[in-house]
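Residues 4 to 153, numbered by our numbering, are exactly what the sequence shown covers, in order.
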Amino acid sequence: MTHIYQWFSFPQEFSVECAKCKGHAICSNAPITKATQVGASISYEAIGEPGIFEADISCLNCGFSGRKTIHWPRDAFWKCQVKGKILWAFSLEHANVLLEFIQSSNRNYHDHTGYLASLLHLPKHFKLAKNRKSAVTSIKRLIGKSREPV
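Put into structure tokens, the structure is as follows:
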């Protein structure tokens, strides 16, 4: 997942790297979007450059609290490389959903309704059988970060 496909699926709270210590920080405001009604549906678009926005963060490691320019997904806390591509998650819970989905032989999108949009837009690269072992290993290593002392 190298781009944000639709800003409407961006959560209100997500994890980023701290501006000071690169530790786990929580961002509590999603990018600003503009909603436009087109017929019976509503479309959302980011205001400003996609993937770059100002946000308030609070670090769980060093205690830093303040504004930071977020470059998504570069500043995502939960991210890993899978055969040359960046796989990112909004949170530890999202990383666990990605792990479960990628390692599953069933891959039922609707088992994860809270993350349906992100799973539907998960690039094929991460779902290919030839990349499955690498993706699962990388995500497990990433999830292991949550067990490290702060």
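Where a beta carbon is used, it is the ideal one built from N, C-alpha and C, also for glycine.
Beta carbon of residue i nearer than 7 Å to that of residue j
| i | j | result |
| --- | --- | --- |
| residue 90 | residue 129 | yes |
| residue 100 | residue 141 | no |
| residue 83 | residue 131 | no |
| residue 27 | residue 80 | yes |
Residue i versus residue j: straight-line alpha-carbon distance, rounded
| i | j | result |
| --- | --- | --- |
| residue 104 | residue 14 | 19 Å |
| residue 23 | residue 121 | 29 Å |
| residue 18 | residue 143 | 17 Å |
| residue 21 | residue 87 | 24 Å |
| residue 133 | residue 126 | 14 Å |
| residue 109 | residue 25 | 36 Å |
| residue 153 | residue 137 | For residue 153, the predicted structure reports a pLDDT of 48, less than 50, and the residue's modelled location is therefore unreliable. The matter cannot be settled from this model. |
| residue 147 | residue 16 | 21 Å |
| residue 43 | residue 72 | 35 Å |
| residue 117 | residue 41 | 25 Å |
Own chain partners of residue i with C-beta closer than 8 Å, once the 5 adjacent residues on each side are dropped
| i | result |
| --- | --- |
| residue 135 | 105, 106 |
| residue 68 | 59, 60, 61, 62 |
| residue 74 | 54, 55 |
| residue 119 | 112, 113 |
Spatially closest choice to residue i from the options, by CA coordinates
| i | options | result |
| --- | --- | --- |
| residue 102 | 26, 16, 139, 64 | 139 |
| residue 65 | 115, 29, 110 | 29 |
| residue 149 | 97, 76, 32, 72 | 97 |
| residue 93 | 108, 109, 76 | 76 |
| residue 32 | 70, 43, 108, 111 | 70 |
| residue 57 | 41, 42, 78 | 78 |
Same chain, Cβ closer than 6 Å to residue i, neighbours up to 5 away in sequence not counted
| i | result |
| --- | --- |
| residue 6 | Here the model assigns residue 6 a pLDDT of 46, short of 50, so the residue's position is not dependable, and the following value carries that caveat. Contacts found: none. |
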